[in-house]
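I have placed the structure first, in the form of structure tokens, so that the comments after it can refer back to it.
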């Protein structure tokens with residue numbers, strides 16, 4: 021394909037799947053007015069990854085098994101979400117302050133743990149640090165297959181529950197009066213978001229993943245005015261960003277894939293903001309003219 | 003527990019709700035009559051919206067019971083339709099008018115079934131009733147406030163419920179919408195259904211409602227509109243807000259005379 025080596029193809033495919041799932045999960049977070057949750061979620065994976073590495077080495081493993089690291093990341097993310105809920109319940113702080121507290125303290129803990137690992141005699145945790153900003157070239161086929169699988173499962177779950185999720189995001193109270201258990205639906209949204217963050221660790225990294233969640237969703241909202249079409253367009257924008265970003269990063273040595281993917285998404289958003297049929301700059305300027 | 007009528011569409015017993023220790027509703031006892039349009043009237047902060055939300059389980063009651071046709075609401079949520087305040091949702095949300103009205107049919111559909119022909123027909127009929135058919139494919143943000151309110155009413159109609167709880171449907175709507183809502187309310191009553199409507203305007207209350215609940219944290223009075231909307235009862239409900247009260251009372255007296 022395009023004269024690319026096998027590894028780049030694998031990475032591009034995985035990044036496309038991750039981008040598509042991120043577009044969908046990001047749309048849900050945005051419509052549920054929880055866009056920044058992805059940021060806290062991403063940063064909260066770091067201590068989970070570090071602890072997973074430590075546990076793996078302690079049990080005689082290499083510390084780099086993709087499944088172990090992803091599981092650690094997921095548990096870290098979920099612990100972050102749980103802390104967020106706890107802080108909101110116990111302390112009188114605003115939502116954005118609670119988010120900053122969780123994001124900062126989890127990322128701080130993760131950074132401290134990484135430093136400890138690196139200074140320990142058995143530690144050569146260079147591979148872990150790449151998860152912070154993403155390093156797609158270091159992806160092995162296992163990483164790609166897992167990322168793609170996780171993304172597929174997320175898309176299937178959201179597709180099956182799209183009607184319920186639109187109800188939840190539009191009018192939670194009304195959903196409850198229909199007898200819906202909105203807490204279960206909210207848990208689905210958060211689980212999907214967590215899975216996407218974990219799937220995107222290798223390619224995009226945990227700092228920039230929030231951008232891949234939110235930018236495709238924002239672009240899609242400009243282009244379409246309905247729920248399922250918005251999720252679909254966001255998935256396409258996310259997938260395109262994944263492919264374009266990977267190819268651009270492969271074209272020059274040491275160009276980080278995560279940054280390229282997010283910049284590709286931003287470029288697509290820019291195009292949507294200018295050219296979108298009703299909400300774009302061109303359409304609005306034309307509409308304003310007599 | 004006091005004996006409450008199992009046939010009452012909405013029976014509330016000793017309901018108390020508090021937000022952070024502040025009492026919002028206190029010891030509310032009500033048996034709402036069937037086949038009537040009922041107004042819930044009281045000053046700002048009287049707990050009118052909270053009463054609806056507590057009946058629907060959207061806020062947790064400190065104590066008390068609510069039964070719908072003699073049973074807890076959770077036994078069969080499809081018997082109750084809810085029209086929330088218009089401001090409670092984001093009208094920029096990516097849905098069309100028809101999408102929102104279809105949500106009224108989701109209660110009977112369950113989690114996985116999609117709306118089919120029957121649900122679509124019900125949604126279109128509801129839009130027709132409210133004169134909103136021409137707008138069915140518009141994104142909801144492109145509607146006026148009154149039209150948005152009519153979409154919420156249409157969604158409730160598509161629910162095909164026996165009891166409706168509506169939160170300020172008449173708040174800041176145009177005259178055409180006001181008439182459309184009134185027509186819907188009267189049609190629901192003629193079909194033997196019951197509508198409980200939170201309302202803030204004393205002037206129109208006598209015209210709109212068959213039955214009125216005067217509420218200010220506790221129930222001041224409940225009964226046929228003519229008997230309940232009296233000067234003394236209103237004074238008791240609105241308390242110290244004398245200027246407002248006297249003005250309203252004068253208008254009421256004027257309405258009685260005319």
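Residue numbers (the working numbering), protein chains in the order written: chain A, 21 to 310; chain B, 3 to 260.
Ideal Cβ positions, reconstructed from N, Cα and C, are used throughout, including at glycine.
Here's a check: name, in chain order, each residue in its chain whose Cβ is nearer than 7 Å to the Cβ of residue i, leaving out the five neighbours to either side.
i	result
residue 220 of chain B	28, 29 and 30
residue 161 of chain A	30
residue 244 of chain A	250 and 253
residue 81 of chain B	70, 71, 163, 164 and 165
residue 4 of chain B	Any reading at residue 4 of chain B must be qualified, since the residue scores a pLDDT of 45, below 50, and its modelled position is unreliable; the value itself is stated next. Contacts found: 15.
residue 302 of chain A	294 and 295
Could you confirm whether any beta carbon from chain A is found closer than 8 Å to the beta carbon of residue i?
i	result
residue 69 of chain B	no
residue 51 of chain B	no
residue 72 of chain B	no
residue 90 of chain B	yes
residue 82 of chain B	yes
residue 13 of chain B	no
residue 208 of chain B	no
residue 168 of chain B	no
Are the C-beta of residue i and some C-beta of chain B separated by less than 8 Å?
i	result
residue 243 of chain A	no
residue 21 of chain A	Bear in mind that the predicted position of residue 21 of chain A carries a pLDDT of just 46, short of 50, making it too unreliable to give a figure here.
residue 50 of chain A	no
residue 187 of chain A	yes
residue 119 of chain A	no
residue 198 of chain A	yes
residue 85 of chain A	no
residue 109 of chain A	no
residue 247 of chain A	yes
residue 191 of chain A	yes
residue 313 of chain A	Residue 313 of chain A lies beyond the stretch modelled for chain A, which goes from 21 to 310, so this question has no answer here.
residue 250 of chain A	yes
How is the alpha helix (DSSP H) around residue i delimited, first residue to last?
i	result
residue 217 of chain B	Premise fails: residue 217 of chain B lies in the beta strand (DSSP E), 213 to 218, not in any alpha helix (DSSP H).
residue 34 of chain A	26 to 51
residue 259 of chain A	247 to 271
residue 113 of chain A	Careful: residue 113 of chain A lies outside any alpha helix (DSSP H) and carries neither H nor E.
residue 303 of chain A	301 to 308
residue 18 of chain A	The question about residue 18 of chain A has no answer, for chain A in this structure spans 21 to 310.
residue 234 of chain B	233 to 240
Cβ-heavy atom distance between residue i and the ligand NAP below 7 Å?
i	result
residue 153 of chain A	For the ligand NAP, the structure offers nothing, since it holds no ligand at all.
Could you give the DSSP three-state label for residue i: helix, strand or coil?
i	result
residue 102 of chain A	helix
residue 163 of chain A	helix
residue 91 of chain B	coil
residue 135 of chain A	helix
residue 98 of chain B	strand
residue 83 of chain B	strand
residue 61 of chain B	coil
residue 74 of chain B	coil
residue 119 of chain B	helix
residue 55 of chain A	coil
residue 224 of chain B	strand
residue 227 of chain A	coil
residue 241 of chain A	helix
residue 298 of chain A	coil
residue 78 of chain A	helix
residue 105 of chain B	helix
residue 119 of chain A	helix
residue 124 of chain A	helix
residue 135 of chain B	helix
residue 229 of chain B	helix
residue 71 of chain A	helix
residue 290 of chain A	helix
Give me, in chain order, the residues of the same chain whose beta-carbon lies closer than 6 Å to that of residue i; leave out the 5 immediate sequence neighbours on both sides.
i	result
residue 263 of chain A	32 and 36
residue 40 of chain A	255, 258 and 259
residue 170 of chain A	215 and 219
residue 128 of chain B	103, 156, 159 and 160
residue 88 of chain B	150 and 151
residue 130 of chain A	66, 67 and 70
residue 230 of chain A	58, 59 and 62
residue 292 of chain A	239, 242 and 243
residue 150 of chain A	158
So, for residue i: in the same chain, excluding its five sequence neighbours on each side, which residues have a beta-carbon less than 8 Å away from its beta-carbon?
i	result
residue 307 of chain A	none
residue 241 of chain B	45 and 218
residue 109 of chain B	79, 80 and 161
What are the boundary residues of the beta strand (DSSP E) that includes residue i?
i	result
residue 67 of chain B	65 to 69
residue 27 of chain B	24 to 34
residue 19 of chain B	12 to 21
residue 41 of chain B	39 to 43
Unbroken alpha helix (DSSP H) runs of length 4 or more, entirely within the stretch 138 to 208 of chain B: which are they? Listed in chain order, they are 147 to 161 and 177 to 192.
Which of the residues in the stretch 134 to 152 of chain B, read from start to end, lie with their CB under 7 Å from any CB of chain D? No chain D is present in this structure, whose protein chains are A and B.
Minimum length 3: unbroken beta strand (DSSP E) runs contained in the stretch 183 to 218 of chain A: Fully enclosed beta strand (DSSP E) runs of 3 or longer: not present.
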